[in-house]
């Protein structure tokens with residue numbers, strides 16, 4: 274069995290976080306799950322307050338043979354950008370997400386998602402993020418608009434999670 278090289282993440286000054294208050298209640302196909310055959314995301318807060326995540330793409334994320342499906346890549350970016358908004362105190366749902374795929378992601382890869390909150394305007398939060406490897410090669414980029422949930426929608430979501 275080939276031993277995989279150690280990952281450079283998380284860095285010692287990153288704090289493990291759970292940005293979603295309902296994470297353990299939902300049956301998601303991506304997230305902080307121990308099911309290694311899917312997309313596994315682990316979230317961290319950097320010392321500057323920004324959210325990063327490691328994203329491991331298991332065999333069920335395969336599209337073309339040996340490569341991760343674009344929808345799985347999009348899912349990892351969508352989840353991490355939404356998580357960044359929730360961690361910043363903005364309960365949101367995705368309104369629009371644009372993705373640029375730059376390189377094929379091999380199945381089994383663990384990559385880093387870096388997020389950045391660009392601005393908040395009215396009920397919209399605008400974020401961007403990248404999916405890259407330890408050598409800073411960017412595999413995908415996304416930017417999106419996320420709608421801040423109305424109080425009634427928040428209560429419904431959190432009530433479903435209880």
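In this note's numbering, the protein residues as written are 274 to 435. C-beta atoms are modelled at their ideal positions from N, C-alpha and C, and glycine is treated no differently.
Whole angstroms are fine: how far does the CA of residue 291 sit from the CA of residue 315? Locating residue 315 in the chain shown gives position 42, counting from the first residue. Locating residue 291 in the chain shown gives position 18, counting from the first residue. Roughly 8 Å separates the two Cα atoms.
Near residue 391, which residues of its chain fall below 7 Å by C-beta distance, leaving aside the five closest residues on each side in sequence? One-based indexing of the chain shown puts residue 391 at position 118. Cβ within range, chain order: 399, 400 and 401.
Taking its Cβ as the centre, do 16 or more other Cβ atoms sit within 10 Å of residue 419, making it buried, or is it exposed? Taking the first residue of the chain shown as 1, we reach residue 419 at position 146. Classification of residue 419: buried, given that the 10 Å Cβ count is 16 or more.
Ignoring anything shorter than 4 residues or poking outside the region 283-367, list the alpha helix (DSSP H) runs there in chain order. 343-360
Per DSSP, residue 405 forms a beta bridge with which residues? On the chain shown, position 132 is the one that residue 405 refers to. 385 and 411, per the DSSP bridge assignment.
Considering Cα atoms alone, identify which of 313, 333, 285 and 365 is closest to residue 426. Within the chain shown, numbered from 1, the residue matching residue 426 stands at position 153. If we check each option's Cα against that of residue 426, 365 comes out closest.
Quick one: Cα of residue 384 to Cα of residue 373, how far? What you label residue 384 is simply residue 111 of the chain shown in a count that begins at 1. What you label residue 373 is simply residue 100 of the chain shown in a count that begins at 1. The straight-line gap from Cα to Cα measures roughly 16 Å.
Regarding residue 332 and the ligand GTP, is the C-beta to nearest heavy atom distance less than 8 Å? The model depicted lacks the ligand GTP and carries no ligand whatsoever.
Could you give the distance in angstroms between the alpha-carbon of residue 356 and the alpha-carbon of residue 342? Counting from 1 along the chain shown, the entry for residue 356 is found at position 83. Counting from 1 along the chain shown, the entry for residue 342 is found at position 69. Approximately 21 Å between the Cα atoms of the pair.
Classification of residue 404 by the beta-carbon crowding that lies within 10 angstroms, buried from 16 upward: Within the chain shown, residue 404 is the residue found at index 131, counting from 1. So residue 404 ends up on the buried side.
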